[in-house]
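Chemist: Numbering (UniProt numbering), first residue to last: 1 to 356.
Shown below is the structure under consideration.
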């Protein structure tokens, strides 16, 4: 049992996995209905929080080992071609603001099952508050837990065109890596350039599909000269030219919107709740970790101390080993005797001291 923990490891695992799917108070009731001990919603909340912190440390450590030491994580499968999709979604915070859940999913293609397309061996990473560079480092390391990175030959990255995800192609250092921007987002962006979206917007969407992104950018320039384009159309035209090689073609992907809804928004945005930055990051990491098929990290007794208890222990240890200056006590009464003071803190019971 971890130090100071009154919940059994099996019950704790239930609180983590169930609390990652349903509200904390409901999870507490489900545990009691199943014959477990009565726990508070706060106890349930702390369970995925601690598990998420442990998962975060494992993911950051794997990224450091990969990029600093060149040691990839141990994989459980092999694939020559891997499809990667990345996007962000927003959840509400306690102060009324919103925070972005950065998410990525990697899988080895699709297969038909029961009339529906299913992703093969998906592996996920979700987090809140990570810088784009750190996010992509952890994403590649996370993909390495599923696919042997040394045997991956081709990687396709699908995004919606946002810079922090499109630029992730620079971190995918494989023999053949290509980026692809979702056609739906491209068509929506170019259609928004026209003042008359019913006719002009539809014409631009058809142009980017049939003529290509550069020709569509030329049409937007003509509309700007005629005054029939909306404000901000210049940026769309520049983006079309800059990412012309990533627009059109590529394998079938387009699963990230559903991934965001079912993996993160279903728990973090559907219930009336507000998150702290640490809580949102822990929840996103726990859900992505569990639904990737990985076992939750076990809480070791040594690492189960709370922050307060660990701080008190470190303070006591520091007091034992810290050097202390000698002191000379003032004499009292008549006569004089050589004053001696000593501390027996931390000594054994067999210590003897005598002064004459």
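Where is the CB? At the ideal position from N, CA and C, for every residue including glycine.
So, does the CB of residue 141 fall closer than 8 Å to a CB anywhere in chain C?
Modeler: Here chain C cannot be found, since the structure has a single protein chain.
Chemist: Classify residue 288: buried if its beta carbon has 16 or more other beta carbons within 10 angstroms, exposed otherwise.
Modeler: buried
Chemist: Are the stretch 178-191 and the stretch 239-258 touching, with three or more C-beta to C-beta distances below 8 Å?
Modeler: In short, these stretches touch, since the Cβ pair count reaches three.
Chemist: Closest to residue 17 by C-alpha separation, out of 205, 292, 173 and 58, would be which residue?
Modeler: Shortest Cα-Cα distance from residue 17 to any of 205, 292, 173 and 58 involves 292.
Chemist: Is residue 298 buried or exposed, if buried means 16 or more other CB atoms sit within 10 Å of its CB?
Modeler: exposed
Chemist: Pair every Cβ in the stretch 126-138 with every Cβ in the stretch 55-63, then say whether three or more of these pairs are closer than 8 Å.
Modeler: Touching, yes.
Chemist: For residue 104, which of helix, strand or coil comes out of DSSP?
Modeler: Looking at residue 104 - three-state DSSP - the assignment turns out to be strand.
Chemist: In whole angstroms, what is the alpha-carbon distance linking residue 27 and residue 284?
Modeler: The C-alpha of residue 284 is placed about 18 Å away from the C-alpha of residue 27.
Chemist: For residue 90, list the residues DSSP reports as bridge partners.
Modeler: 100
Chemist: Hey, residue 22 and residue 31: beta-carbon distance below 8 Å or not?
Modeler: no
Chemist: When burial is assigned at 16 or more other CB atoms within 10 Å of the CB, is residue 261 buried or exposed?
Modeler: exposed
Chemist: State buried or exposed for residue 323, treating a residue as buried only when at least 16 other CB atoms are found within 10 Å of its CB.
Modeler: exposed
Chemist: So, under 8 Å CB-CB, residue 282 and residue 52 are touching, yes? Tell me the CB distance rounded to an integer number of Å.
Modeler: Yes, they are in contact, since the Cβ atoms of residue 282 and residue 52 sit about 2 Å apart, within 8 Å.
Chemist: Quick one: Cα of residue 307 to Cα of residue 14, how far?
Modeler: 24 Å
Chemist: Rounded to whole angstroms, how far is the Cβ of residue 168 from the Cβ of residue 86, which I believe are closer than 8 Å?
Modeler: 6 Å
Chemist: Could you check whether residue 216 and residue 224 sit closer than 8 Å to each other, using their CB atoms as the reference points?
Modeler: no
Chemist: So, at 8 Å on beta carbons, what are the nonlocal neighbours of residue 356 in its own chain, with the 5 sequence-adjacent residues on each side left out?
Modeler: Its pLDDT being 49, under 50, residue 356 is placed unreliably by the model, and nothing is read from it.
Chemist: Considering just the uninterrupted stretch of the beta strand (DSSP E) at residue 171, what are its terminal residues?
Modeler: Run containing residue 171: none; DSSP gives neither H nor E here.
Chemist: Look at residue 101 and residue 89 and say whether their C-beta atoms are less than 8 Å apart.
Modeler: yes
Chemist: DSSP state of residue 356, grouped into three classes?
Modeler: Low local confidence applies: a pLDDT of 49 at residue 356 is under 50, so the model's placement there is unreliable, with the coordinate-based value given in what follows. The answer is coil: DSSP assigns residue 356 none of H, G, I, E or B.
Chemist: For residue 47 and residue 12, what's the separation of their Cα atoms in angstroms?
Modeler: 7 Å
Chemist: Name the two residues that bound the continuous beta strand (DSSP E) containing residue 155.
Modeler: 154-159
Chemist: Reducing DSSP to helix, strand and coil, say where residue 110 ends up.
Modeler: DSSP places residue 110 in strand when its eight states are reduced to three.
Chemist: Which residues bound the alpha helix (DSSP H) around residue 29?
Modeler: 24-33
Chemist: Determine the extent of the alpha helix (DSSP H) in which residue 71 is found, giving its start and end residues.
Modeler: Residue 71 -> no alpha helix (DSSP H), and no H or E assigned at all.
Chemist: Could you give the DSSP three-state label for residue 421: helix, strand or coil?
Modeler: Lying outside 1 to 356, the shown extent of the chain, residue 421 is not represented and no answer is given.
Chemist: Report the three-state DSSP secondary structure of residue 180 (helix, strand or coil).
Modeler: strand
Chemist: Do residue 366 and residue 195 have their C-beta atoms closer together than 8 Å?
Modeler: Because residue 366 is not part of the residues shown, which for the chain are 1 to 356, the question remains open.
Chemist: Can you name the start and end residues of the alpha helix (DSSP H) that residue 309 belongs to?
Modeler: 307-321 is the span of the alpha helix (DSSP H), which, as asked, contains residue 309.
Chemist: Could you give the distance in angstroms between the alpha-carbon of residue 8 and the alpha-carbon of residue 57?
Modeler: Residue 8 and residue 57 have their alpha carbons spaced roughly 23 Å apart.
Chemist: Using 8 Å for Cβ pairs, my map puts residue 84 next to residue 158. What's the rounded Cβ distance?
Modeler: The Cβ separation is near 7 Å, so the contact holds.
Chemist: Quick one: using the 10 Å Cβ neighbour count with 16 as the cut-off for buried, is residue 24 buried or exposed?
Modeler: buried
Chemist: Write down the C-beta distance between residue 268 and residue 91 rounded to the nearest angstrom, noting that I regard them as a contact closer than 8 Å.
Modeler: 5 Å
Chemist: Look at residue 147 and residue 79 and say whether their C-beta atoms are less than 8 Å apart.
Modeler: yes
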